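**Student:**
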Amino acid sequence: MFRLHDHNSTNPNCARPNRSIRELDERFLRILKIFKWGPDAEKALEVLQLKVDHRLVREVMSVDVEIGVKIQFFKWASKRRKFEHDTTTYMGLIYSLEGSGLVGELWRTIQEMIKSDCVIGPVELSEIVRILGKLKMVNKALSVFYQIKARKCSPTASTYNAMIAMLMQEGCYEKVCEVYNEMCDDGEWIAAHPKIYTTLMGMYFKSGDVERALGLVREMKEKRCPLTVYTYTELIKGLGKAGRVEDAYRVFLNMRKDGCKPDIVLLNNLINILGKAGRLEDAIELFGDMGSFHCEPNVVTYNTIMKALFESRAPSSEIAFWFERMKEKGIEPSEFTYSILIDGFCKTNKVEKALVLLEEMDEKGFPPCPAAYCSLINALGKEKRYEAANELFQELKENCGSSSARVYAVMIKHFGKCGQFSQAMSLFNEMRKLGCNPDVFAYNALMSGMVRAGMIDEAHSLLREMEDQGCAPDINSHNIILNGFSKSIGPERAMEMFSKMKSSQLKPDAVSYNTLLGCLSRAGMFEQAAKLMKEMKSNGFEYDLITYSSILEAVGKIDEDNS
1 MFRLHDHNST NPNCARPNRS IRELDERFLR ILKIFKWGPD AEKALEVLQL
51 KVDHRLVREV MSVDVEIGVK IQFFKWASKR RKFEHDTTTY MGLIYSLEGS
101 GLVGELWRTI QEMIKSDCVI GPVELSEIVR ILGKLKMVNK ALSVFYQIKA
151 RKCSPTASTY NAMIAMLMQE GCYEKVCEVY NEMCDDGEWI AAHPKIYTTL
201 MGMYFKSGDV ERALGLVREM KEKRCPLTVY TYTELIKGLG KAGRVEDAYR
251 VFLNMRKDGC KPDIVLLNNL INILGKAGRL EDAIELFGDM GSFHCEPNVV
301 TYNTIMKALF ESRAPSSEIA FWFERMKEKG IEPSEFTYSI LIDGFCKTNK
351 VEKALVLLEE MDEKGFPPCP AAYCSLINAL GKEKRYEAAN ELFQELKENC
401 GSSSARVYAV MIKHFGKCGQ FSQAMSLFNE MRKLGCNPDV FAYNALMSGM
451 VRAGMIDEAH SLLREMEDQG CAPDINSHNI ILNGFSKSIG PERAMEMFSK
501 MKSSQLKPDA VSYNTLLGCL SRAGMFEQAA KLMKEMKSNG FEYDLITYSS
551 ILEAVGKIDE DNS
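Note that UniProt numbering has the sequence shown beginning at 1, numbered continuously upward.
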């Protein structure tokens, strides 16, 4: 609502709303909405005796009128005699342009503000950096930062944090370090800010530099900068991701000693870390202690516990108990809850339970979840229930209008396995027509189907095509072709492929070695096989029982032929 009275006025009459002024405001607002900005609205200003000042401009920028009206009014005001826009009016327009998505006009307004005589302070600078960062305009944000800084605007900790957060989100890690060093040079008081340390810590953990992250913790303590719950959360998350579970748990214990109260986000992260590390008892114990921290378990907590139970191969009855317990507590299962349960039951061969949950999910009005469908389709395919798998696949396409690349890959894989290669090829082409770019899993599934159908050269051509299309093959892609050469064409092509793999970035793994070893054994090339076995051991790989059995079988066959 438009207001002309000044809340900061010393006049006691201004403290009470003036009905006539409010009516004038509403009339002017209606004129702006009906007539837009033009001669009629300009005339209304004169009739209503509204003074064109910074407050009026700010109010017009904040009311609910078309963005075009705001832009026109802003430009008109700038041409008025004895009126110049200040930082508040510019920021009012910038916020409106951000909300309307007019990026070009927003950038022009920011540039105009910088070129003007406005005094831009740290608060405005922080906001501009935040807005440009949100719009992924990183270079422009950097340019503005240094332009305004050069005008003797001293950035605050919040400004630097906005810069660092933006650069980190875009993966500009080198620039983050550069800005951080500048911040330290600008004054120690700026560096000693928990939010900045926490952001930097997250960056170092993300890039795998654990020691530098821990160095920041030591620096915080040296500078007596308090470790907040957010800092502890980032520290525990980072250590957990680095596999240092015991260290993460110790941080939690020390945090409690230091009197920092954990929140639900920190506890959920720690439960997740403990669960993934197989420390289920500790995770459940922490769940039980949540009440003592005045934190009630939420849907994320229950999801994390149930996921950990599946990963620890707990009985399905125990997982069902936790699911019912969650519902009894009045916590509604989320889409992710159902996805975890469906995936878990599929992996433990409880497909019927998973199907019931999919139906329940639908009844509750959740949108079709591609991940849940993918798990079920894969499980049905493994049970050779191909018709049921295809039925679910068609259902997903009908409900969503399309499907994900991963679900297509699963269907292509199962069509290839059951000998319906034409169906697999048809699905692969369908993906492309629908604009669903095949990923590495889809390519691997089709190549595997081609190898099964004896189309080795075609599969090899698809591997090259895959690279041309910008989809990077993984080690499985190469192993599929290597397997095809080994079983259908012969050792020469297989050895050639293996040599190329050794000289590429994707080095042979245990599967590659065992595949070639089996091929050499079947061809009676035992001398080469023996050399390969030595090479395997020197590279830290072991030949599997199937390969060793095939070697013994091949040796036995030669003995029989000789006798």
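A virtual CB, placed ideally from N, CA and C, is assigned to each residue, including glycine. This one's a predicted model, so the numbers in the text were calculated from it and none came from an experiment.
#1: Decide if P155 is buried, meaning its Cβ has at least 16 other Cβ atoms within 10 Å, or exposed.
#2: Closer than 8 Å by C-beta to N390: which residues in its own chain qualify, once you throw out the five before and the five after it? Chain order, please.
#3: Rounding to the nearest angstrom, what Cα-Cα distance links P39 and M61 in this structure?
#4: Under 8 Å: do the region 176-187 and the region 216-235 share three or more Cβ pairs, one atom per stretch?
#5: Which residue comes first and which comes last in the alpha helix (DSSP H) that contains E215?
#6: In angstroms with no decimal places, state the Cα-to-Cα distance between K382 and H414.
#7: If you draw a straight line from the C-alpha of D86 to the C-alpha of E66, how long is it?
#8: If I'm right that T89 touches H54 with Cβ under 8 Å, what's the distance once you round it to whole angstroms?
#9: In terms of residues, what are the limits of the alpha helix (DSSP H) holding F205?
#10: Helix, strand or coil: how does DSSP classify Y543 here?
#11: From F293 to V251, what distance separates their C-alpha atoms?
#12: Please confirm whether Y197 and M166 have their CB atoms less than 8 Å apart.
#13: Per DSSP, what kind of secondary structure is S154 in: helix, strand or coil?
#14: For the region 500-509 against the region 460-469, do three or more pairs of beta-carbon atoms, one drawn from each stretch, fall closer than 8 Å, so that the two count as touching?
#15: Give the range of the alpha helix (DSSP H) segment to which T348 is assigned.
#16: May I have the straight-line CA-CA distance separating V123 from M168, to the nearest angstrom?
#17: Tell me whether K51 sits in a helix, a strand or coil according to DSSP, three-state version.
#18: Give the secondary structure of P370 by DSSP, where H, G and I count as helix, E and B as strand, and everything else as coil.
#19: Between the C-alpha atoms of residue 620 and K237, what's the straight-line distance to the nearest angstrom?
#20: Quick one: using the 10 Å Cβ neighbour count with 16 as the cut-off for buried, is G259 buried or exposed?
#21: With a threshold of 16 other CB atoms inside 10 Å of the CB of Y146, please say whether the residue is buried or exposed.
#22: Using 8 Å as the threshold, is the C-beta distance between Y515 and N476 below it?
**Tutor:** Put simply:
#1: buried
#2: M411
#3: 19 Å
#4: no
#5: Checking the sequence shown, residue 215 turns out to be Gly, not Glu. Segment 210-222, the alpha helix (DSSP H) holding G215.
#6: 8 Å
#7: 22 Å
#8: 6 Å
#9: 194-206
#10: coil
#11: 16 Å
#12: no
#13: coil
#14: no
#15: Taken as a continuous stretch (DSSP letters only), T348 belongs to no alpha helix (DSSP H), as it is neither H nor E.
#16: 21 Å
#17: coil
#18: helix
#19: Any answer about residue 620 is impossible in this case: the structure gives the chain only from 1 up to 563.
#20: exposed
#21: exposed
#22: The question names Tyr, but residue 515 is Thr in the sequence shown. Result no, Cβ atoms of T515 and N476 do not sit closer than 8 Å.
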